[in-house]
Structure formats: C-alpha cells, structure tokens
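**Student:**
2 protein chains.
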Amino acid sequence: MGLVVQKYGGSSVADAEGIKRVAQRIAATKKAGHDVVVVVSAMGDTTDELIDLAEQVSPLPPARELDMLLTAGERISMAVVAMAIANLGIEARSFTGSQAGVITDSAHGKARIIDVTPGRIQTALDEGSVAIVAGFQGVSQDTKDITTLGRGGSDTTAVALAAAMGADVCEIYTDVDGVFSADPRLVPTARKLPRVTYEEMLELAANGAKVLHLRCVEYARRYGIPIHVRSSFSQKEGTWVTDQPQDQQEEPGMEQAIISGVAHDRSEAKVTVVGVPDKPGEAASLFRAVADAGINIDMVVQNVSAAATGRTDISFTCPRSDGQAALSALDRVRGAIGFEQLLYDDSIGKISLVGAGMRSHPGVTAEFCGALADAGVNIELISTSEIRISVVCREEAVPAAVAAVHHAFQLDATDEVATVYGGTGR
Amino acid sequence: MGLVVQKYGGSSVADAEGIKRVAQRIAATKKAGHDVVVVVSAMGDTTDELIDLAEQVSPLPPARELDMLLTAGERISMAVVAMAIANLGIEARSFTGSQAGVITDSAHGKARIIDVTPGRIQTALDEGSVAIVAGFQGVSQDTKDITTLGRGGSDTTAVALAAAMGADVCEIYTDVDGVFSADPRLVPTARKLPRVTYEEMLELAANGAKVLHLRCVEYARRYGIPIHVRSSFSQKEGTWVTDQPQDQQEEPGMEQAIISGVAHDRSEAKVTVVGVPDKPGEAASLFRAVADAGINIDMVVQNVSAAATGRTDISFTCPRSDGQAALSALDRVRGAIGFEQLLYDDSIGKISLVGAGMRSHPGVTAEFCGALADAGVNIELISTSEIRISVVCREEAVPAAVAAVHHAFQLDATDEVATVYGGTGR
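If you're matching them up, the sequences are chains E and F in order.
Residue numbering for the first sequence is 1 to 426, as defined by the UniProt record's numbering.
Residue numbering for the second sequence is 1 to 426, as defined by the UniProt record's numbering.
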C-alpha cells in the first residue's frame with residue numbers, strides 16, 4: 001500500500017483500445033491497494049495534428065496561443081482515460097496541469113516547473129479517486145497563462161508530481177520494455193538493463209537514448225524518486241532508475257558491472273571554425289556568439305595551434321536543427337574575431353559508452369577505440385566524462401560502431417530478446 | 001468606437017479557411033476602432049467526434065469528464081482563431097471560459113451561469129488586444145470543476161459577456177443571413193426580418209426556430225443587450241433583436257407589423273393519458289411525475305370531462321427524446337392516479353405564428369385556422385400566448401402548413417431571396 005505515479009505516453013493511449021488497456025492496468029494498481037496518480041500524454045499523433053492546424057493559419061503562431069492549442073491534446077486523453085477507468089467501476093477524476101498545481105515560469109513552449117501544489121490531487125486521492133493529470137502542461141506563476149514544458153514534458157510532470165506527493169515510485173510506461181544496453185533496432189542482441197543509476201541514465205539520455213528525457217531524470221535524481229521504465233504492452237518488469245548501482249541491491253557482494261550501455265545520436269552536426277587567432281578570449285567569443293543565438297553546444301575540440309601561423313581550428317557539435325543558425329551567428333562575428341573559414345558537416349553520428357564502473361577501470365577508453373578501429377570506424381572527435389566516452393564518426397558508420405562496441409564490452413543478451421512496439425511518446 | 005462582442009458558430013470556424021475568413025472580419029472590426037471580444041464554438045464536427053470517442057470507452061461517461069473532454073473543442077478553435085488574427089498583425093489572446101470568469105453552478109452538461117467576472121478580458125482589451133473566449137464553457141463556483149452550458153451555450157456565453165462588460169452590441173454570426181419569417185428550406189419565399197423584439201424572438205426560439213437559443217435571448221432581454229444575428233459568409237445586415245418593435249425605429253410613424261413569422265418544430269411527441277379521474281389534484285400528480293423525471297412539458301390540453309364517466313383525457317407534448325421516459329414515469333403512478341390508458345404519438349409537428357401585433361388584432365386566430373383548413377391540415381391541439389398561436393398537426397403536414405400560413409399572412413418576400421449555407425453551430 002503506497003502512492004504510485006504512472007505516466008503513459010502517446011503511443012500507449014493512441015486509440016480507444018489502448019486507453020481501455022491502460023485503464024485496466026490503472027484499475028489493477030488501484031485494486032491492489034495503492035493510491036494512484038496517472039499522468040497522460042496526448043493521444044498518438046494529436047500534437048502533430050494540432051501543430052499542422054496551427055501552421056495552416058499562421059507560419060509563426062504566437063507561443064502563448066500554441067501552448068493553449070497543444071494543451072487540448074492532453075485534456076482529451078486525460079478525460080477519456082478517466083471515463084474508461086470509471087467504466088471499470090473505479091472513480092477517476094481528471095485534472096489539467098493548472099488544476100494539478102503545476103506552476104511554471106512564463107517561457108511558453110519550454111517552461112520550467114517552479115513549484116507543484118497538488119492540493120486537489122491529494123483531495124481526490126483522499127476521497128478514494130484515481131487522479132488523472134494532463135502531462136506536458138502547467139500554468140505560469142506570473143501571467144496565469146497556460147504553458148507547456150517542451151520535450152519530455154509529460155515524464156517531467158510525472159516525476160515532479162511524484163516528488164511533491166512523496167510517491168514510492170514513478171512508473172514511466174512506454175512502448176519498449178525498458179532501458180536497453182543499446183538501441184535494439186541497431187543491436188538485436190541488446191539487453192534490457194534491470195537497473196541503472198541516475199548518473200548513468202543522465203549520460204544515456206543526454207547522448208541519444210530516447211526512452212527517458214534528461215530533465216525528468218535530473219528531477220528524479222534531485223528528489224530521489226525511483227523511476228521504473230516499463231512497457232504498457234506487457235506485464236514484464238522494466239528498468240529501475242535509482243541511486244543504487246546496477247545489480248547491487250539483488251546481490252550486494254557482487255562486483256559492479258563496468259558498462260551499462262551504448263547510446264548513439266544522429267541528430268547533431270559538426271561546425272569547424274578554421275584559422276582562429278590563437279589568443280586568449282577568442283574561443284570564448286565564438287561560443288558566446290553561438291550561446292547568444294540560444295544554441296546548446298555539445299562536444300568541443302580545439303586542435304593544437306600551428307606554431308607557424310599562430311592560428312588554430314575549433315570544432316564543436318550542436319543539434320542539426322540549429323546548424324544554420326549557428327553558422328549565421330558565427331558569420332556575424334567573423335570580422336571581430338578574424339577567423340578564416342567555416343566548415344559545416346551534418347553527416348555525423350555520435351557513439352557513447354556509459355557506465356559508472358568506468359571510473360575505476362582505466363582501460364575502457366583503449367578498448368573502446370580498439371573496437372571501433374577493428375570495425376573500420378574512423379574517429380573524428382572524442383570527449384569524455386567520468387562515466388562516459390563519446391566519439392564522433394561518419395553517420396553511416398553508426399550501426400556498425402554501436403554493434404562493435406556493444407559486442408566488445410560483452411553487453412549482448414544471452415536469453416532475453418528485445419521487443420520494440422513502434423512509436424515514441426512525448 | 002465601442003465594445004463589440006462577436007460570436008462565431010462551429011460552421012463559421014469549420015476549417016482553416018473559415019478561421020482565416022473570420023479573422024479578417026474580426027481584424028476589420030478592430031481596425032474600425034472598436035474593442036472586440038470574440039466568442040467561438042468548437043470547429044465543425046469536433047464536438048460530435050469527441051462524443052464518439054467518449055462512447056468508445058464508456059457507454060455512459062461521467063458528466064464531469066464529458067465536460068472536461070468537450071471543452072477541448074473550443075480550446076482548439078479559440079487558440080487557432082487567435083493565431084489567425086495575430087497573423088494579420090493584430091494582437092489577440094485566447095481565454096477559456098474559466099479564465100474569462102464565466103462562473104456557473106455545478107450541473108455538468110447543462111450548467112447555468114451564476115456570475116461573469118471578466119477581469120482578464122478587460123485587461124486584454126485595455127492593452128489593445130482582441131480577446132477570444134471559448135464559448136459553451138465555464139467553471140463551477142463550488143467545485144472549481146470545468147462545466148459546459150448545454151445547447152446554445154456559446155450564444156449564451158456571448159450575451160453574458162456582452163452584459164457583464166456593457167457591450168454596445170452582441171453579434172451572433174451563423175450560416176444564414178438572419179432570422180427569417182419561416183424556415184427558407186420549407187418556404188423559399190421566406191423574408192429576412194430586419195428587426196424582431198426579444199419577446200417575439202423568445203416565442204420563435206421556443207417554438208422551433210433554431211437560429212438563436214431561448215436562453216441566450218432570455219439573457220439578452222434581461223440585460224437589454226441588442227443582438228445582431230448575421231451571416232459570417234456575407235457582409236449583409238442581418239436581423240436585430242432588441243426591445244424595439246419591428247420597423248418602428250426606421251419609420252416611427254408606420255404601423256407595426258402584426259406578424260413576424262412562422263416557426264415549426266418536428267422534435268416533439270404527444271402523450272395522451274386516457275380516463276383520468278376528474279378530481280382536483282389528479283392533473284397535478286401527473287405533471288409532477290413527469291417533472292420529477294426531469295422532462296419539460298410544452299403544450300397541454302385537457303378535454304372537457306365526460307359527465308357520464310367522471311373521467312377526462314389529458315394530452316401534452318414533450319421532446320421526443322424524452323418520450324419513453326415520460327411514459328415510464330406515468331406508468332409508475334398509474335395505480336395511484338387510476339387512469340385507464342397511455343397513448344403515445346411521435347409523428348406530430350407543431351406550427352406557431354408569432355407576432356407582437358397579435359395582441360391588438362383579434363382576428364388572427366381565425367385567419368390562422370382558416371389557412372390551415374384551406375390547406376387540408378387537421379389541427380390536433382391548440383395553445384396560445386399573447387403573441388403566439390401554436391397548433392399540433394401530423395408531422396408530414398408541416399411543410400404545407402407552414403407555407404399556407406406564411407402566405408395567408410402575406411409574409412412572402414418580394415425581392416430578397418434567402419440563402420442557406422448549410423450546417424448549424426452549437
């Protein structure tokens with residue numbers, strides 16, 4: 001008997017059948033004696049359809065109105081899920097983000113949660129109801145306008161509610177069985193991970209694993225909320241994301257696994273600034289120009305300066321969708337900085353190896369690079385954190401690179417086969 | 001320069017093209033120097049589609065959740081209308097019923113407006129914005145739950161906002177050119193009425209004219225809000241609903257027209273209770289039983305008691321959709337009241353002649369019945385008010401009856417031809 005927060009993505013509630021299946025699962029959890037708070041995304045392609053409608057009347061819809069429009073999606077799914085649960089004889093009440101007390105800043109389309117005041121949700125639970133909450137949305141503290149949280153918003157809503165209400169677990173239901181040691185579409189022998197730490201999950205999410213979003217994991221780590229990532233299409237145990245290292249809870253004496261998994265990302269582009277004067281402050285000016293355009297830089301590499309010329313090359317990666325904006329921003333400071341040339345390459349891929357055990361195993365980088373070399377993959381950039389190594393290679397080399405690394409670190413499953421059900425939630 | 005409230009029905013905002021057309025009209029009103037508050041219904045068939053979705057998961061969805069679901073419809077249309085206006089370079093902000101301060105009781109699906117506190121709307125106007133408000137919806141004063149106002153709800157929202165904000169006019173945009181002397185689909189020579197009084201409009205709306213709903217007209221009369229019913233598909237002047245008799249304003253010396261128009265209604269059924277003991281209180285018991293089932297009775301006729309039996313027959317009409325419920329309610333009191341038989345007839349139609357001038361022209365009833373007789377229409381029930389005569393006849397006789405009465409009272413147009421654009425708004 002405890003408090004369970006469950007989040008269902010758009011693919012889990014894509015149609016009436018999916019909603020009825022989700023309702024069965026929620027009802028079962030309630031009947032098992034738990035208090036249940038459910039966070040839902042919009043049904044299937046609803047959000048895309050609403051965006052399409054907006055674009056039919058306006059090439060650049062005002063952000064406030066776009067948020068007002070898109071939040072209709074979760075309003076529909078939450079009400080229908082509540083109806084489906086009520087039809088099973090269990091009382092259910094739906095609440096918008098605003099009604100659920102999800103208070104945000106005023107940054108429409110990418111609002112940050114400032115506070116959660118779930119008084120109405122608690123009352124509903126106290127009165128024996130299941131509470132259904134619209135994910136992805138909140139209300140601005142200052143303007144009282146409706147806001148949306150941006151990508152991964154529904155996951156973040158679920159974790160934020162779980163934190164505010166002291167839930168025992170936040171279950172994130174999706175269309176895969178959990179977090180895998182690699183993308184099963186690239187590596188059919190990928191293994192479902194029974195456990196990963198917040199730290200590892202952050203690195204996986206930041207480097208291309210799509211099953212959980214970075215913000216949601218950050219939020220869960222900050223408040224110590226255990227996340228259970230699992231499939232809404234099966235009853236299998238999924239992946240637990242906690243502060244306990246993998247496998248340690250089950251068999252405390254066992255040595256911790258070194259590597260959790262391999263992530264990849266084909267959404268970035270590489271920008272190279274050629275012939276930057278090698279003086280203090282020049283690199284800072286470059287990155288300031290890019291940051292001022294609202295673009296997040298991921299990896300950065302600066303070559304050793306050529307003594308003869310007193311100039312150096314600086315490469316960085318950023319989202320492809322921001323690539324042209326980054327070039328424009330840099331071009332505007334070309335005169336002030338005096339670099340020679342801008343190169344742009346959007347045919348790159350990134351492979352990352354993540355594992356908390358890497359800290360105490362110095363040979364990992366060598367083995368990683370060796371595996372890539374054996375597979376004929378050329379490394380263009382390298383960056384590392386305490387528990388991650390990432391490299392940039394040609395985009396078309398990604399599948400072979402992921403498989404080679406996955407195999408080299410003995411991550412292949414011996415029995416369990418991954419199931420991918422298609423689609424991704426918001 | 002004044003404050004104009006405009007309401008656009010579902011057929012006016014059925015798709016992106018319709019919304020852009022509506023936005024042009026709103027922008028033109030704003031550019032003419034007026035403050036503009038716009039009330040919108042859900043786009044086209046959205047409400048029906050949402051109801052269909054609800055029925056796929058639950059045969060009898062909880063009313064609270066159905067309201068939550070249906071209000072997504074206006075949320076979508078209002079946001080998209082606001083975007084379309086913004087795209088014309090005019091600032092527009094959308095507001096839900098709750099944000100607009102439409103406070104209701106807690107009767108989900110048929111909530112009554114208790115109060116309107118349009119502070120946020122006024123602020124938006126003061127800051128130079130057009131305000132777009134979701135029709136049909138409000139928020140319960142007691143539970144803070146989202147409510148819907150039931151049929152004609154968006155018209156009522158518009159008039160209520162106009163009253164609360166002291167608007168100069170409430171323009172109701174629809175898919176016909178105004179209020180006609182009869183349904184143009186039955187009487188091609190029907191005339192658009194330049195003016196009708198609230199009183200006449202109430203009788204027309206209560207007796208089958210669908211262009212405005214009773215509640216909205218009642219609200220407008222109570223607060224003295226002039227309504228201008230007009231088409232969103234043309235620039236023509238429509239019909240003004242005010243407290244001034246028809247034509248009197250234009251030509252004060254002219255005699256008032258006797259008759260405004262002919263309404264008809266094919267949505268009612270007739271129930272006859274045969275052999276009711278002719279004692280005080282028996283009729284009251286019958287009607288109490290029907291009222292307790294939540295059914296509104298329209299016309300009532302009680303025959304003269306047959307002296308020999310001491311029994312009488314009582315007939316009444318009610319909505320066909322409530323017919324079976326009325327029979328069940330009456331059957332439950334059959335023993336207590338001791339009537340003999342229940343007859344049910346849902347093949348009836350009702351024709352009503354409405355005109356404020358009827359008060360001072362005693363021959364109207366005779367002429368009305370004569371016209372029906374000449375057309376071979378048999379009268380089954382008659383009821384009258386000060387400014388209306390209604391009769392019940394066979395359903396299939398309705399078109400001929402309407403045309404005959406329309407012609408007998410010289411209501412046919414001499415020049416203007418009615419245009420029906422198809423569909424009806426909510």
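Using N, Cα and C, we set each Cβ at its ideal position, and we do this for glycine too.
Would you kindly report the start and end of the unbroken beta strand (DSSP E) that includes residue 302 of chain E?
**Tutor:** Residues 300-302.
**Student:** Count the other CB atoms within 10 Å of the CB of residue 1 of chain E; is the residue buried (16 or more) or exposed (fewer)?
**Tutor:** Residue 1 of chain E comes out exposed.
**Student:** Counting only the same chain and skipping the five closest in sequence on each side, list residues whose C-beta sits under 6 Å from that of residue 190 of chain E.
**Tutor:** Excluding sequence neighbours, residue 190 of chain E sits near 180, 181, 182, 184, 418.
**Student:** Is residue 75 of chain E close to chain F? Criterion is C-beta to C-beta, closer than 8 Å.
**Tutor:** Residue 75 of chain E counts as touching chain F.
**Student:** At 3 residues or longer, and completely inside the segment 147-216 of chain E: list those beta strand (DSSP E) runs for me, N to C.
**Tutor:** The segment 147-216 of chain E contains these whole beta strand (DSSP E) runs: 169-174, 195-197.
**Student:** So what does DSSP say about residue 264 of chain F, is it helix, strand or coil?
**Tutor:** Looking at residue 264 of chain F - three-state DSSP - the assignment turns out to be strand.
**Student:** Kindly list the residues whose CB is nearer than 7 Å to the CB of residue 395 of chain F, restricted to its own chain and excluding five residues on each side of it in sequence; keep chain order.
**Tutor:** Answer for residue 395 of chain F: 266, 347, 348, 349, listed in chain order.
**Student:** Going by alpha carbons, who is nearest to residue 152 of chain F out of F:165, F:160, F:213, F:141?
**Tutor:** Residue F:213 is the option with its Cα nearest to residue 152 of chain F.
**Student:** Could you give the residue range of the beta strand (DSSP E) that holds residue 46 of chain F?
**Tutor:** Careful: residue 46 of chain F lies outside any beta strand (DSSP E), inside the alpha helix (DSSP H) at 46-57.
**Student:** Could you spell out the range, first to last residue, of the beta strand (DSSP E) harbouring residue 38 of chain E?
**Tutor:** Looking at the DSSP string, the run of the beta strand (DSSP E) that includes residue 38 of chain E is 35-40.
**Student:** Are three or more beta carbon pairs between the segment 286-298 of chain F and the segment 215-222 of chain F nearer than 8 Å?
**Tutor:** Output reads no: the segment 215-222 of chain F does not touch the segment 286-298 of chain F.
**Student:** How is residue 399 of chain E classed by DSSP in three states: helix, strand or coil?
**Tutor:** Three-state result, residue 399 of chain E: helix.
**Student:** Can you tell me whether residue 90 of chain F is helix, strand or coil according to DSSP?
**Tutor:** Residue state, collapsed to three classes: coil.
**Student:** In this structure, how does DSSP classify residue 108 of chain E when only helix, strand and coil are distinguished?
**Tutor:** Residue state, collapsed to three classes: coil.
**Student:** Specify the secondary structure class of residue 218 of chain E as computed by DSSP and reduced to three states.
**Tutor:** Three-state DSSP puts residue 218 of chain E in a helix.
**Student:** Count Cβ pairs between the segment 63-82 of chain F and the segment 104-116 of chain E that sit closer than 8 Å; are there 3 or more?
**Tutor:** Not touching, per the Cβ criterion.
**Student:** For residue 236 of chain E, name the three-state secondary structure that DSSP assigns.
**Tutor:** Three-state result, residue 236 of chain E: coil.
**Student:** Less than 8 Å between CB atoms is the rule here; does residue 64 of chain F satisfy it with respect to chain E?
**Tutor:** Closer than 8 Å to some Cβ of chain E, the Cβ of residue 64 of chain F qualifies, so yes.
**Student:** On the three-state DSSP scale, how would you describe residue 384 of chain E?
**Tutor:** Here residue 384 of chain E sits in strand by DSSP.
**Student:** Please name the residue in E:132, E:238, E:403, E:161 whose C-alpha comes closest to that of residue 92 of chain E.
**Tutor:** Among E:132, E:238, E:403, E:161, the Cα nearest to that of residue 92 of chain E belongs to E:132.
**Student:** Helix, strand or coil for residue 316 of chain F? Go by DSSP, reduced to three states.
**Tutor:** Here residue 316 of chain F sits in strand by DSSP.
**Student:** One question on the structure: do residue 196 of chain E and residue 156 of chain E come within less than 8 Å of each other, judged by their Cβ atoms?
**Tutor:** Contact flag unset, no.
**Student:** Scan the segment 1-31 of chain E for residues whose Cβ lies nearer than 9 Å to a Cβ of chain F and list them as they occur along the chain.
**Tutor:** Going along the segment 1-31 of chain E in chain order, one finds 15, 16, 17, 19, 20, 23 with a Cβ nearer than 9 Å to chain F.
**Student:** In chain E, which residues lie with their C-beta within 7 Å of the C-beta of residue 57 of chain F?
**Tutor:** Correct list: 16, 19, 20, 80, 83, 84, 87.
**Student:** Does any CB atom of chain E fall closer than 8 Å to the CB of residue 434 of chain F?
**Tutor:** The structure shown has nothing for residue 434 of chain F, since chain F only spans 1 to 426.
**Student:** Let me know the secondary structure DSSP gives residue 331 of chain F once reduced to three states.
**Tutor:** Here residue 331 of chain F sits in helix by DSSP.
**Student:** Considering only the beta carbon of each residue, do residue 230 of chain E and residue 168 of chain E sit closer than 8 Å?
**Tutor:** No. Outside cutoff.
**Student:** So, is the C-beta of residue 201 of chain F closer than 8 Å to a C-beta in chain E?
**Tutor:** No - not a single Cβ of chain E is within 8 Å of the one on residue 201 of chain F.
**Student:** Taking buried to mean at least 16 other C-beta atoms within 10 Å of its own C-beta, is residue 324 of chain F buried or exposed?
**Tutor:** Residue 324 of chain F comes out exposed.
**Student:** Would you list, in chain order, the members of the UniProt domain "ACT" (271-356) of chain E that have their beta-carbon closer than 8 Å to a beta-carbon of chain F?
**Tutor:** Flagged: no residues at all.
**Student:** When you compare the CB of residue 195 of chain F with every CB in chain E, is at least one pair closer than 8 Å?
**Tutor:** Not one chain E Cβ lies under 8 Å of residue 195 of chain F.
**Student:** Give the straight-line distance between the Cα atoms of residue 46 of chain E and residue 301 of chain F, rounded to the nearest whole angstrom.
**Tutor:** Rounded to whole angstroms, residue 46 of chain E to residue 301 of chain F spans 53 Å at the Cα level.
**Student:** Could you tell me which of F:303, F:294, F:269 sits nearest to residue 275 of chain F, measuring between CA atoms?
**Tutor:** Ranking F:303, F:294, F:269 by Cα distance to residue 275 of chain F puts F:303 first.
**Student:** Counting along the chain, where does the alpha helix (DSSP H) carrying residue 289 of chain E start and finish?
**Tutor:** Counting along the chain, the alpha helix (DSSP H) containing residue 289 of chain E begins and ends at 282-292.
**Student:** Does residue 426 of chain E come within less than 8 Å of chain F when only Cβ atoms are used?
**Tutor:** Residue placement at residue 426 of chain E cannot be trusted, given a pLDDT of 39 that sits under 50; the coordinates are not used to answer.
**Student:** Compute the distance between the beta-carbons of residue 36 of chain F and residue 13 of chain F, then report whether it is under 8 Å.
**Tutor:** Not closer than 8 Å, so no.
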